[in-house]
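Written out below as structure tokens is the structure these notes cover.
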Amino acid sequence: DLESLESVVDEIEDEIGVRGSGNQFVIRAAVHTTAVTALGQLIEDDFSHEITVAVKAYTFKVEGSLERSDAGSDDGVSYSQKGRFDYEVYLTPNMLYETDVLRSSAPPAAESPPAAESPSPTPLGPGLTYFRNIVDNVMANFSYQFLSDKGVTNLVEEVEVTAVLRYPEMWTKSFTLVPKTSYTGPLMVDFPVDIQAFQTFS
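Heads up: the sequence shown begins at 66 in my numbering, then just goes up one per residue.
The structure is reproduced here in structure tokens:
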């Protein structure tokens, strides 16, 4: 629970006698996939992807590629794994943006358009600096897909999402954002990123 990070950081910094001017949160998704080939052989592979949230006194930004893919083969079956993070930054009323939502990417084509009186969410990639005092909350998700060139059965994907708080070269602390959960096809898990809990980390 990210709400507990504030007290954890304070305790660690008091114990080691260091107060930081900025911290990093690494959000990491790990997927363990198993499947059975037509010949009855077990395919088993691990996939992971991470992005970094760099937090400073008045700002934060998301760093790293949002998408990652990997490929492998086993028992004559070639397969690929693809994972992606996306996020939405919900803003309080402000004079900087003509919208109340900033997205990491454009919304899916099937998504209903926003109401006519509401400005369209602005798609933005990683690396943009967000001003914390105009951010209401942040919602994120991780999606994953396993594809193979031949049919497989008994496909099971176990996903877990964690946040690792890092004080550069000093200490780290891990927290679970999405506990281990099993799926049987393309998956997507949603989770909040509590910016209010970041306020005392810088």
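The beta carbon of each residue, even a glycine, is placed where N, CA and C say it ideally should be.
- Ala136 sits exposed, since fewer than 16 C-beta atoms from the chains shown fall within 10 Å of its C-beta.
- Going by beta carbons, Phe90 and Leu230 fall inside the 7 Å limit.
- Here Glu132 has Arg149 as same chain residues with Cβ atoms under 6 Å from its own Cβ, once five neighbours each way along the sequence are excluded.
- When the alpha-carbon of Ser169 is set against those of Gly129, Lys215, Tyr144 and Val243, the nearest one is in Gly129.
- Across the structure, Ala119 and Asp165 are spaced so that their CA atoms are roughly 22 Å apart.
- Each residue's CA atom was taken as its position, placing Tyr155 and Val96 some 28 Å apart.
- For a cut-off of 8 Å, the C-beta gap from Glu222 to Tyr248 is around 5 Å, short enough to register as a contact.
- Val243 and Phe125 have their alpha carbons spaced roughly 22 Å apart.
- Judged by DSSP secondary structure, Met253 falls within the beta strand (DSSP E) whose first and last residues are Leu252 to Val258.
- Under DSSP, no beta-bridge partner is assigned to Ser170.
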